[in-house]
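For reference, the structure is listed below as structure tokens.
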Amino acid sequence: MVIKVHAEEDLLRTFNKQVEEDRRIVISRSNLNELHKVMEEHELSCMDLLHVNTDGVILTKRKAEKVVGWAKNHYLSSCLLPNIKGGRLCVPHESLEIAISRLQEQETIFKKPSHNLKNLAKDEYESNFVSSVVPPGEVGVKFDDIGALEEVKRALNELVILPMRRPELFSHGNLLR
0 MVIKVHAEED
10 LLRTFNKQVE
20 EDRRIVISRS
30 NLNELHKVME
40 EHELSCMDLL
50 HVNTDGVILT
60 KRKAEKVVGW
70 AKNHYLSSCL
80 LPNIKGGRLC
90 VPHESLEIAI
100 SRLQEQETIF
110 KKPSHNLKNL
120 AKDEYESNFV
130 SSVVPPGEVG
140 VKFDDIGALE
150 EVKRALNELV
160 ILPMRRPELF
170 SHGNLLR
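Below is the structure:
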């Protein structure tokens with residue numbers, strides 16, 4: 000029995016390329032569907048939506064809403080007379096692509112700090128602590144979402160947010176000794 004290794008490797012390589020291409024197509028279609036749904040919800044349209052390049056990003060509904068909002072803002076701020084057809088603002092695909100590139104930049108910025116924090120850990124305690132740190136883009140909870148008494152929410156906000164916004168107020172004290 001003779002096995003042709005080269006033929007099988009070529010077939011495997013071809014198969015992997017086809018799978019990767021199919022994956023890219025499925026993600027692209029899903030992204031365009033998400034953009035279309037969000038644009039419909041906000042009574043917007045894009046004549047060239049199928050020409051929007053969404054490679055390198057996977058859009059959830061939340062991300063699609065960000066992209067559409069940024070694209071709308073970009074378009075309205077860059078033109079004097081916006082294109083409106085049938086009572087809907089027509090956003091050009093260039094504005095959508097600019098917004099998608101902005102989302103990609105934002106995602107790369109959010110990914111970098113977690114790697115830097117892991118490198119800063121000095122001992123086992125710090126590495127355990129760093130592993131439980133949630134990146135800012137993944138929190139998903141705001142103070143408005145907390146169901147508590149307003150006084151408690153205000154106190155919690157002051158205890159958590161104030162030291163981050165004004166670290167100079169907390170530069171001295173008993174905890175630093």
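The numbering used here puts the first residue of the sequence shown at 0, with every later residue one more than the last.
Idealized CB from N, CA, C, for every residue including glycine.
Item to complete: Identify every residue that forms a DSSP beta bridge with S44.
Response: C89
Discussion item. Quick test of your reading: V56 and L34, contact by CB under 8 Å. State the CB separation rounded to the nearest angstrom.
Written reply: 11 Å between Cβ atoms; not a contact.
Discussion item. If you reduce the DSSP assignment to three classes, tell me which class I83 lands in.
Written reply: strand
Worksheet item: If you follow the alpha helix (DSSP H) that F169 is part of, which residue opens it and which one closes it?
Response: Note, F169: premise wrong, no alpha helix (DSSP H); not H, not E.
Worksheet item: Under a three-way DSSP split, which group does D122 fall into?
Response: coil
Worksheet item: Rounded C-beta distance between R87 and L43? I'm assuming under 8 Å.
Response: 6 Å
Worksheet item: Under the rule that 16 or more other beta-carbon atoms within 10 Å means buried, what is S94, buried or exposed?
Response: buried
Practice prompt. Flag this pair as yes or no: are the beta carbons of M46 and C89 separated by less than 8 Å?
Written response: yes
Worksheet item: If you draw a straight line from the alpha carbon of G146 to that of V140, how long is it in whole angstroms?
Response: 11 Å
Discussion item. Check this for me: beta carbons of I97 and H73, under 8 Å apart or not?
Written reply: yes
Practice prompt. Apply the 10 Å Cβ neighbour rule to T13 and answer buried if 16 or more other Cβ atoms are within range, or exposed otherwise.
Written response: exposed
Item to complete: Indicate the three-state DSSP secondary structure (helix, strand or coil) for G55 in the structure shown.
Response: coil
Item to complete: Determine the direct distance from the alpha carbon of E157 to that of V151, and round the result to whole angstroms.
Response: 10 Å
Worksheet item: Using the C-alpha atoms, what's the distance from F169 back to R176?
Response: No answer about R176 holds up, because its pLDDT of 48 lies below 50 and its placement is not dependable.
Worksheet entry | Between the CA atoms of W69 and K62 - distance to the nearest angstrom | 11 Å
Fill in: V133 - containing alpha helix (DSSP H), residue span
Run containing V133: none; DSSP gives neither H nor E here.
Discussion item. Whole angstroms are fine: how far does the CA of L58 sit from the CA of E20?
Written reply: 18 Å
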